[in-house]
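In my numbering, the protein residues as written are 391 to 557.
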């Protein structure tokens with residue numbers, strides 16, 4: 391019988407992601423950045439191109455709903471401001487707050503420095519984890535785990551068909 395050691399894969403990924411998040415927050419805090427590290431993707435997108443709508447920001451890979459939740463938090467905490475879009479008055483355009491520009495610049499500089507740190511970390515562990523996770527996502531989109539399970543163990547095909555017909 392095969393050991394179920396790899397079944398904890400998801401837990402290991404979550405633990406590693408949580409460790410990165412905690413250590414990133416500590417680095418921000420110690421450099422005087424109060425910005426929550428999980429919000430940096432939206433902030434960096436606005437830093438690179440100000441005045442974007444939530445739909446434009448979602449093009450970075452996050453869902454529009456997640457982007458909108460993060461924008462609300464950022465606006466509440468004074469990191470972004472919003473106004474009606476010049477292109478479409480039904481939409482809001484978001485910009486970085488001039489009052490937080492110095493802190494945002496420190497956060498962006500820290501994130502850029504983290505890229506160098508990650509490169510060294512990937513060399514240390516012998517795997518470019520960023521690239522590996524991207525490949526993992528692509529492979530799972532191309533062929534989901536359920537399809538892989540059914541291919542490897544045909545007995546699951548009958549169980550899945552029965553459940554889908556019961557709907």
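Each residue gets a CB set at the ideal place from its N, CA and C atoms; glycine is no exception.
- A direct Cα-Cα distance of roughly 53 Å separates residue 468 from residue 547.
- Counting along the chain, no alpha helix (DSSP H) covers residue 484; the unbroken beta strand (DSSP E) around it starts and ends at 482-486.
- In this structure, residue 475 sits away from residue 458, with a CB-CB distance that is not shorter than 7 Å.
- Secondary structure of residue 471 (DSSP, three-state): strand.
- Among the bridge pairs identified by DSSP, residue 528 is matched with none.
- The beta carbon of residue 520 sits closer than 8 Å to those of 508 and 512, all from its chain and outside the five residues before and after it, given in chain order.
- Residue 407 places its beta carbon 7 Å or farther from that of residue 418.
- The criterion of a C-beta distance shorter than 7 Å is not satisfied by residue 402 and residue 429.
- Annotation: the continuous alpha helix (DSSP H) that includes residue 502 extends over 491-515.
- In its chain, beyond the 5 residues on either side, no residue has a beta carbon closer than 7 Å to the beta carbon of residue 477.
- Contiguous alpha helix (DSSP H) elements confined to the stretch 394-446 occur at 399-420 and 430-438, taking only those with 4 or more residues.
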